[in-house]
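**Student:** Following this message is one structure expressed as structure tokens.
There are 4 protein chains.
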Amino acid sequence: MQNVKLAIIGAGSSYTPELIEGLVQEKESLPVGEIAFYDIDEERLEVMTAFCRRYLKHLGHNIPITPTTDRLEAIQGARFVDVQIRVGGNAQRVLDERIPLKYGIVGQETTGPGGMLKALRTIPVMLEIARDVERYSSDAWIINYTNPTGLVTEAVTKYTQAQIAGLCSGGLFPQWRASDALNVPPESIRYDYVGLNHLNFTFNITVDGRPLNEEEFDRVADRASWGAIDPGLIKTLRLIPSPYLQYYFHTSKKINEAVEKEYTRGEEVQRLEAEVFAAYADPDQKAKPEALARRGGGGYSEIALAVMQAIHNNREKIIVVNVPNRGAVRGLPDDAVVEIPCAVDAAGIHGLSVPEVPSTVWGIIAAVKNYEQLAVEAAVKGSRELALMALLAHPLVQDYEIARPLLDELLEANRPYLPTFFDVDGAATAIDPHQ
Amino acid sequence: MQNVKLAIIGAGSSYTPELIEGLVQEKESLPVGEIAFYDIDEERLEVMTAFCRRYLKHLGHNIPITPTTDRLEAIQGARFVDVQIRVGGNAQRVLDERIPLKYGIVGQETTGPGGMLKALRTIPVMLEIARDVERYSSDAWIINYTNPTGLVTEAVTKYTQAQIAGLCSGGLFPQWRASDALNVPPESIRYDYVGLNHLNFTFNITVDGRPLNEEEFDRVADRASWGAIDPGLIKTLRLIPSPYLQYYFHTSKKINEAVEKEYTRGEEVQRLEAEVFAAYADPDQKAKPEALARRGGGGYSEIALAVMQAIHNNREKIIVVNVPNRGAVRGLPDDAVVEIPCAVDAAGIHGLSVPEVPSTVWGIIAAVKNYEQLAVEAAVKGSRELALMALLAHPLVQDYEIARPLLDELLEANRPYLPTFFDVDGAATAIDPHQ
Amino acid sequence: MQNVKLAIIGAGSSYTPELIEGLVQEKESLPVGEIAFYDIDEERLEVMTAFCRRYLKHLGHNIPITPTTDRLEAIQGARFVDVQIRVGGNAQRVLDERIPLKYGIVGQETTGPGGMLKALRTIPVMLEIARDVERYSSDAWIINYTNPTGLVTEAVTKYTQAQIAGLCSGGLFPQWRASDALNVPPESIRYDYVGLNHLNFTFNITVDGRPLNEEEFDRVADRASWGAIDPGLIKTLRLIPSPYLQYYFHTSKKINEAVEKEYTRGEEVQRLEAEVFAAYADPDQKAKPEALARRGGGGYSEIALAVMQAIHNNREKIIVVNVPNRGAVRGLPDDAVVEIPCAVDAAGIHGLSVPEVPSTVWGIIAAVKNYEQLAVEAAVKGSRELALMALLAHPLVQDYEIARPLLDELLEANRPYLPTFFDVDGAATAIDPHQ
Amino acid sequence: MQNVKLAIIGAGSSYTPELIEGLVQEKESLPVGEIAFYDIDEERLEVMTAFCRRYLKHLGHNIPITPTTDRLEAIQGARFVDVQIRVGGNAQRVLDERIPLKYGIVGQETTGPGGMLKALRTIPVMLEIARDVERYSSDAWIINYTNPTGLVTEAVTKYTQAQIAGLCSGGLFPQWRASDALNVPPESIRYDYVGLNHLNFTFNITVDGRPLNEEEFDRVADRASWGAIDPGLIKTLRLIPSPYLQYYFHTSKKINEAVEKEYTRGEEVQRLEAEVFAAYADPDQKAKPEALARRGGGGYSEIALAVMQAIHNNREKIIVVNVPNRGAVRGLPDDAVVEIPCAVDAAGIHGLSVPEVPSTVWGIIAAVKNYEQLAVEAAVKGSRELALMALLAHPLVQDYEIARPLLDELLEANRPYLPTFFDVDGAATAIDPHQ
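Residue numbers (the working numbering), protein chains in the order written: chain A, 1 to 435; chain B, 1 to 435; chain C, 1 to 435; chain D, 1 to 435.
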């Protein structure tokens, strides 16, 4: 096994050092010989390159880092292309969070209209990256943790031939919580899992093959509630929902909380990131800065490393990944990307068949998937009609009187990032119901 | 072909004369030799029997009417058992409409939590009727226009072997509207149609086999809007939604209108029905009273007669009926009742295969069907947990903070009509998440 | 409703007068104003035109017949394009019947290797016709009774946009037999029906909606045996198989009979057709010649007329037709043409959903459908490999040692009719396993 | 992790020492603390117990072996119940092989009518064993390598709640052959695999994730031909068929070879087994006798050990196992047992979704599965009609004139082993087509 080249697209992200740390920890099973750092933000690229070199040295390991603003240079020859971009940055995220609230609708980074706008901004850029990989590094795997990962992965798998692993740490979340609650090693925990990214459900939990009893389930429910979902609701469902289900099952509460808060999560992140980047820029900073922990959102590196190891070593591993359905989950279209346990090895990512979707939640999964498919098409085609129909299909919007002005305002606020929606002169594409 | 016996369960309904009128019009193709009138309300039964005898005479036709409060007597020997009951009467309907509004949720007879309570009250009674038919008149067809017809039909087809045609005039609605809009005979209009009762969509409309052009579709859209759905929305979707979709696509507007109104639809109906029944009771009243037109909600008799004729004469007819899916609509369970075009003849009701559900609305159909299946199970099992999960699955509720108290209040207000939910002493069944 | 133009492709067929007779009988409900006769055989075309004009006069009706050898002229303006061609004529049919027998394999016009060769010869011609219809008469319906109708219809529906009704009188066969056996009118008989052309099964037979009892079924079985299938087998299956199932369930017997016979069915037909055509050519012959009855194979006109009436009058009729599956039959691909009951009207042909394929025969239907799909692809692509794999997939061949030389001999014997299999110089395409 | 108890049902089998050897090799990862030997043949049980004790000592390891003729005693407390029985012994196998040949039909242990009779004899015994496991050791896993493993597993999964792994070394066969052909380690080879036991196909082969090129595939084809399937056929299909497909693709050749041979495989095995057992009985024999290699048919222990290790250690492993379909393979019923790659760990056996069955072979898989399902039902119900319909559904029989007398003779020859087919007086159940 030879050393592999890793490319990081969006290397200026504050998460990059976490990945570096993981690569050092797993250097035996995933020997990386070169890391290409690519970013469109030259300043961040420079700061992160310098910090990661210091950090690698601090960890007692050496991998050459090559910074570049030439994407093809980064991609060519890479075995893995980690993509962690944020089109429009946190500034646009704040608008995704704030604008829907004005209409009494959840404003969130990946859920609801905010998530759709993030998809509309991100998908055209992701397709460019994927087409580069397809053409210039066709054996490479895109390791995607760019959100909304389900929609991004669906666009890439429908419109390119590039190999992509659409990741989220959400697949490990129930394992972590159950391990905590039951005081058993995480690897003893197994479960069935079905749904979409940020809209999934865990069930049939076992410890070393033994199903949980009711009291154990309740303990896991209390832990998996995570301050997001009412434990009583989890106990009624007998399923562990993704914490993002709070936006569906506690909508009014979440909207009220958001309205009362002075700052959105995006604004908090902006401040924390400024702090973190100041630390990275400090030439004396050699380890992960303390502020990074407060930034949150980690855990991606664990799953990314697991996927890269399974592929590199051709050693099968069951990992929750976003993949095209192709019959794995009944009732959903073949090309719909779903988040399910998959067998990952050098031959690729193979979804495990999901014999049954729980009887209480197959409808909401279908409804949100319908929205997702329309949003992906809207992004690819730059169609206001499809974007409007996506919002009408979304269980958190649905209302025509709300959807129309909300969509107009959101699109206008994202004009610079929506090349497919606005023509060369910047004029909005007219709504034409006959299209 | 011999004369058939028809039983009307709930014969005291104000709609009965409309059916009588239809039977007279179609006496050649559907020769009815006896009509059994059954009702639990003896006064209404008496009034309606007397009026219908006068009305038949007025129409120059004679069919013996046998009033009875013995259900078995009515059912035995019948070829068709028309069921048009309203468990709890309009008094409970008004509560179904009013209580959800207090929680900011649509209050409606068949849609949302109000429709669920109607199902919880009605299904146990319908199952009793169906089991009588199954046992004592197994060749008979139940002609059901008791709402919510989709849920009622699902309960009957899952839990009994009785033959049932779950009807709604909604399947003819697009034909009526297109015929008006295009000034062509209704029978020249054909279309694809898919969904659930009161949650369906019409598409691929043709006139004498020719697809509508855009201008024609837009004219149909304007007419099919019916003051319920914004024509612009219909033109964007390029589908004709059931008018009941107004509660999904114009939720906030409908709630605001309802809050501002002094009376609910149920209360208006109560007043109109009093007026109508006063007329029926008048021994000089021989024809349909003028107030009946204002009562609205007719059209059922047209579709009921079409079904009975197709069965009686073994002459195939394509009619929109609620039937178990059994593979006709992709993505929905086999036992889920769907509202689709069916071929009806003496051999029964055979769903036409629906090759594709429109890409913009398959999610909402699935979401509402998931609610419906949970509500049916809740009704049959008397399970508060399932009723709660049904509301959580419903796109118009979904919110746990709302669903819990709303459900408690609704169940309490329906206590006398929910034998499966309350034990003999009338105590509420405790919520037990472990059930 | 205006008079329609009908085009007959292959008008020189001995079946044409039967269709003419039907058109006269149904002139009220299907008013034909013009018939274009097209054939590549000018002599037959002339004979048939002259005879049919005499025959129409004899029947007391007048429809102008326009003979032409210009296919576009025939097709343009036509509402219905009846196609009844025989590529290679009866001479090739005899080879289809004789060659497989040399290898111990069933030799039959539509079943087994003979049927495949007929498909390989016919499909390229049918695609040309269908593309003409698509381009020059896109509203027209192809009324196909060219065999093998299932494969021909699959090729046309996969590779063109032309509207086609793939017909066979086999869908009426159980009705005729049950009507005879039970002495009831044919229209009182209904049944479920599933499978492929010449490989189908009838079940759930009813008379005026009442299921047959065992004694009645056994009587129908005796009649439906038709000298082809052992009645004991039918009684064991409790299904009525197409008579062509004799080649599967009585293979050895049928092969032995064929080997012992001096003449194949094709040779008999050749002699009968010569006799029939001599009669047609006689200027004094005004009615259908007596020899035609001995020719057999009629009944197509009945179903063709039923389809054309249902479309022309937009009056729904349930008719067994070959249509793309698109979800109607579980377990078969969407693009697989199946033979099932369909609702036919001006809006087209809509398959009824088939909830369950009988548990005893779904496997053989799948196996033969797999062969059919490979044979269609082989015909379209001119691929020896696909033709070989089609024979390996066929339950009547399957054996590699037989399939290879058999295929070679069959292709060679059909060289002039297989433009896609032999290049311009007439050299056989080499077998290349890597294609 | 504590030591596990292993029960071997049919411990007198000549294969037992191979399993013992594997247990010693894998003692670290699968620490077995006790082995219960169960057999109905006391002599064999005694011989095998004594030999295995000597063999264990010879291998330098010690596991207590407890011989018993009380099945419950063996099963109780066991974590794994290995079942390797042969109902009727090799004597009946010889009849399975000889009788069909008299009718010109393949006579084989697991394929065709011989395999059906083996299933009819074996399934009632297996259901008894499985019901014991279900009742007295419900956490145990049945590790089944009793043939026909697909049918046996289907019967157990349909009619009991016992956990069962239906194994065959066939899932490793393509790995072994590809490893040999390409001179790479077996574990570098991955592939897709679909079908039934002894009727499966391997495709999309990769070496360390890289797809084979054409030349490599051809080399694998030559090796996987295994003297059974013509390499040219494999190269045309571009799939690796199970060697048992020789009975379908080379039927006439196999029948001719069998007719010419003096002895059947069963008779050869009888002689070899006598030789092997003589060696086992020799008190000086401490290692596997040389004659065992000539016995052949090994390889089961490798896959059995892999499954037991994955379950015991809760360490996921992708292994080809026979499991109920439940949506994994399109087009086959949910309860149909299929042989596909599965993820095995302590939580059980989860089939990987098979997105596409190769276009050339889905029909034969369906046809044989249809036979299998009928044969399982025939075994469970003791129904001659179902057994007859199973043979009619089998692509190697299908012929009613052959199937009837062949079935009669086979059943008669197996009378003592078919308690469900013959009543207490031993009289044959009459064929009643109305059942």
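Note that the Cβ used here is the ideal one computed from N, Cα and C, for glycine as well.
Are the C-beta of residue 330 (chain D) and some C-beta of chain C separated by less than 9 Å?
**Tutor:** With 9 Å as the cut-off, residue 330 (chain D) counts as an interface residue toward chain C.
**Student:** Measure the CB-CB distance between residue 18 (chain D) and residue 406 (chain D) and report whether it falls below 9 Å.
**Tutor:** Going by C-beta atoms, residue 18 (chain D) is not nearer than 9 Å to residue 406 (chain D).
**Student:** Check the DSSP bridge columns for residue 68 (chain B) and list the partner residues they point to.
**Tutor:** In the DSSP output, where bridge partners are listed per residue, residue 68 (chain B) has B:38.
**Student:** What residues of chain B sit near residue 350 (chain A), judged by a beta carbon separation below 8 Å?
**Tutor:** Within 8 Å Cβ-Cβ: nothing; residue 350 (chain A) doesn't reach chain B, min ~23 Å.
**Student:** Residue 430 (chain D) to residue 79 (chain B), Cα distance in whole Å?
**Tutor:** Here residue 430 (chain D) scores only 45 on pLDDT, less than 50, and its place in the model should not be relied on; the value that follows carries that caveat. In a straight line, the C-alpha of residue 430 (chain D) is about 40 Å away from that of residue 79 (chain B).
**Student:** Which word fits residue 69 (chain C), buried or exposed, when buried means at least 16 other C-beta atoms lie within 10 angstroms of its C-beta?
**Tutor:** With fewer than 16 Cβ atoms within 10 Å of its Cβ, residue 69 (chain C) is classed as exposed.
**Student:** Please confirm if the stretch 97-115 of chain D is in contact with the stretch 35-51 of chain D, defined as three or more CB-CB distances below 8 Å between the two stretches.
**Tutor:** Contact fails: fewer than three Cβ-Cβ distances are below 8 Å.
**Student:** Check whether the Cβ atoms of residue 13 (chain D) and residue 85 (chain D) sit closer than 9 Å, and answer yes or no.
**Tutor:** Going by C-beta atoms, residue 13 (chain D) is nearer than 9 Å to residue 85 (chain D).
**Student:** Among all the DSSP beta bridges, which residues are the ones paired with residue 436 (chain C)?
**Tutor:** Because chain C here runs from 1 to 435, residue 436 (chain C) falls outside it and cannot be looked at.
**Student:** Find out if the Cβ-Cβ distance for the pair residue 87 (chain B), residue 118 (chain B) is shorter than 9 Å.
**Tutor:** Cβ atoms of residue 87 (chain B) and residue 118 (chain B): closer than 9 Å.
**Student:** Per DSSP, what are the beta-bridge partners of residue 5 (chain A) in this structure?
**Tutor:** Residue 5 (chain A) is bridged to A:34.
**Student:** Could you check where the alpha helix (DSSP H) with residue 218 (chain B) kicks off and where it finishes?
**Tutor:** Counting along the chain, the alpha helix (DSSP H) containing residue 218 (chain B) begins and ends at 214-225.
**Student:** Strictly under 9 Å for the Cβ-Cβ distance: is residue 216 (chain B) near chain C by that measure?
**Tutor:** No, because no Cβ of chain C sits closer than 9 Å to the Cβ of residue 216 (chain B).
**Student:** Can you give me the start and stop residues for the alpha helix (DSSP H) that residue 92 (chain D) sits inside?
**Tutor:** Element bounds for residue 92 (chain D): 89-102.
**Student:** How many Å lie between residue 5 (chain B) and residue 245 (chain C) at the Cα?
**Tutor:** Each residue's Cα considered, the two are about 44 Å apart.
**Student:** Considering just the uninterrupted stretch of the alpha helix (DSSP H) at residue 373 (chain A), what are its terminal residues?
**Tutor:** Its alpha helix (DSSP H) spans residues 362-381.
**Student:** Judging by CA-CA distance, which residue of B:366, B:149, B:166, B:419 is the nearest neighbour of residue 344 (chain B)?
**Tutor:** Comparing Cα-Cα distances from residue 344 (chain B) to each of B:366, B:149, B:166, B:419, the minimum goes to B:166.
**Student:** Residue 317 (chain D): which of D:324, D:204, D:341 sits nearest, CA to CA?
**Tutor:** When only C-alpha atoms are compared, the closest one is D:341.
**Student:** Can you tell me whether residue 90 (chain B) is buried or exposed? The criterion is at least 16 other CB atoms within 10 Å of its CB, across all chains shown.
**Tutor:** Its Cβ being crowded by 16 or more others within 10 Å, residue 90 (chain B) is buried.
**Student:** Alpha carbons only, please: which of A:124, A:92, A:415 is nearest the one belonging to residue 377 (chain A)?
**Tutor:** For residue 377 (chain A), the nearest C-alpha among the options comes from A:124.
**Student:** Name, going along the chain, the residues of the stretch 302-328 of chain A whose beta-carbon falls closer than 8 Å to a beta-carbon of chain D.
**Tutor:** The stretch 302-328 of chain A vs chain D, Cβ under 8 Å: 311, 314, 316, 317, 318, 326, 327, 328.
**Student:** Is it the case that the Cβ atoms of residue 200 (chain B) and residue 211 (chain B) are separated by a distance below 9 Å?
**Tutor:** No; because the gap between Cβ atoms is not below 9 Å, this pair is not in contact.
**Student:** Can you list the residues of chain C that residue 208 (chain B) reaches, using a CB-CB cut of under 8 Å?
**Tutor:** Near residue 208 (chain B) (Cβ distances below 8 Å), the residues of chain C are 314, 346.
**Student:** Would you call the stretch 129-149 of chain C and the stretch 303-312 of chain C in contact, with 3 or more CB pairs under 8 Å?
**Tutor:** Touching, yes.
**Student:** To the nearest angstrom, how far is it from the Cα of residue 26 (chain B) to the Cα of residue 366 (chain A)?
**Tutor:** Taking the straight line from one Cα to the other gives about 44 Å.
**Student:** Quick check on the burial criterion: 16 or more other C-beta atoms within 10 angstroms. Buried or exposed for residue 516 (chain B)?
**Tutor:** This structure cannot speak to residue 516 (chain B), because chain B is shown only from 1 to 435.
**Student:** Grab the span of the alpha helix (DSSP H) containing residue 350 (chain B) for me, first residue to last.
**Tutor:** Element bounds for residue 350 (chain B): not the alpha helix (DSSP H) but the beta strand (DSSP E), 348-351.
**Student:** Could you check whether residue 361 (chain B) and residue 237 (chain B) sit closer than 9 Å to each other, using their CB atoms as the reference points?
**Tutor:** Going by C-beta atoms, residue 237 (chain B) is nearer than 9 Å to residue 361 (chain B).
**Student:** Just the Cα atoms here: how many angstroms apart are residue 197 (chain C) and residue 168 (chain C)?
**Tutor:** Roughly 7 Å separates the two Cα atoms.
**Student:** Would you mind stating whether residue 398 (chain B) and residue 249 (chain A) have Cβ atoms separated by less than 9 Å?
**Tutor:** Contact: yes.
**Student:** Counting only runs that start and end within the stretch 248-273 of chain B, where is the alpha helix (DSSP H) found for 4 or more residues in a row?
**Tutor:** For the stretch 248-273 of chain B, whole alpha helix (DSSP H) runs of length 4 or above, ordered along the chain, are 251-260.
**Student:** Taking any Cβ of chain A, which residues in the stretch 242-269 of chain B have a Cβ under 8 Å from it, in chain order?
**Tutor:** Flagged, chain order: 248, 249, 250, 251, 252, 253.
**Student:** Apart from the five residues just before and just after residue 368 (chain A), which ones in its own chain have a Cβ nearer than 8 Å to its Cβ?
**Tutor:** Same-chain partners within the cutoff: 196, 199, 394, 395.
**Student:** Would you say residue 108 (chain A) reaches chain B, if we count a Cβ-Cβ gap shorter than 9 Å as a contact?
**Tutor:** So no, residue 108 (chain A) is outside the interface.
**Student:** Residue 339 (chain D) CB to nearest chain A CB: under 9 Å?
**Tutor:** Chain A contact via Cβ: absent.
**Student:** I need the straight-line Cα distance from residue 241 (chain C) to residue 222 (chain C), nearest angstrom please.
**Tutor:** Between residue 241 (chain C) and residue 222 (chain C), the C-alpha separation is close to 12 Å.
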